[in-house]
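A.B. asks: In my numbering, the protein residues as written are 227 to 412. Please read through the structure below; I'll follow up with questions.
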């Protein structure tokens, strides 16, 4: 059975999921279902769920966006990738107007320029730190004291098979005192 899938649309998922796949282009792919699922999982580099802390305040702004950044967990080979004293993000994505809990899946299309030419085999089976920020105005360059932030970990256990990973569980919460002071809040 052949399946028509627009790459710009989210692949079929169970009805209980709000999973989003980051894909590029609007090309049409004709392929048997099994082959398209295998190709989809070979493109996945990060998965997880972002949820709100029970008492976290949430602005009701239709312009808000969720920014998700993925970095390698420091290991003996990470020194190769350090620039200006930090490990640059492996991948980054923006999700407009999310509803929570929010399931995400990031593909190779979200890899940052710093890792675009690094062979995938060098980092694909390494654990990842996921940082998420619910930005109240939806503009990445601004930081607001009301933005919610959180971190989680994707445990890959040395395998590049997404079905074997423990996805990230990121709980968003208000910024602490230092974070509020640094972003101009009180």
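Cβ atoms here follow ideal geometry from the backbone N, Cα and C, with glycine treated the same way.
#1: What are the uninterrupted segments assigned as beta strand (DSSP E) that are 3 or more residues long and contained completely in the segment 305-366, given in chain order?
#2: How many angstroms separate the CA atom of residue 336 from the CA atom of residue 281?
#3: Using the DSSP secondary-structure output, state which residues sit across from residue 395 in a beta bridge.
#4: Name the DSSP bridge partner or partners of residue 291?
#5: Could you tell me the alpha carbon to alpha carbon distance between residue 277 and residue 358, rounded to whole angstroms?
#6: Answer yes if the segment 284-296 comes into contact with the segment 320-329, meaning at least three C-beta pairs across the two stretches below 8 Å, and no otherwise.
#7: Would you please state the rounded distance, in angstroms, between the beta carbons of residue 378 and residue 330? I believe it to be under 8 Å.
#8: Looking at residue 380 and residue 398, is the spacing between their C-beta atoms short of 8 Å?
#9: Distance, Cα to Cα, residue 339 vs residue 385?
#10: Verify whether the separation of the beta carbon atoms of residue 400 and residue 360 is less than 8 Å.
#11: Rounded to whole angstroms, what is the Cα-Cα separation between residue 345 and residue 368?
#12: Is residue 342 close to chain D, meaning its C-beta is less than 8 Å from at least one C-beta of that chain?
C.D. replies: Here's the rundown:
#1: The beta strand (DSSP E) runs lying completely inside the segment 305-366 and spanning 3 residues or more are 317-322, 328-333 and 354-361, given in chain order.
#2: Cα to Cα, the separation comes out at about 31 Å.
#3: DSSP, once it has assigned bridges, lists 275 as partnering residue 395.
#4: Assignment of beta-bridge partners to residue 291 by DSSP yields 322 and 361.
#5: Inter-residue distance for residue 277 and residue 358 is about 10 Å (C-alpha atoms, whole angstroms).
#6: Put simply, the segment 320-329 touches the segment 284-296. At least three CB pairs are less than 8 Å apart.
#7: That belief does not hold up - the Cβ atoms of residue 378 and residue 330 are roughly 11 Å apart, past 8 Å.
#8: In terms of Cβ geometry, residue 398 and residue 380 do not form a close pair [threshold 8 Å].
#9: Each residue's alpha carbon lies about 24 Å from the other.
#10: Contact: no.
#11: Cα-Cα distance, rounded: 33 Å.
#12: Given the protein chain composition of this structure (a single chain), no chain D is represented.
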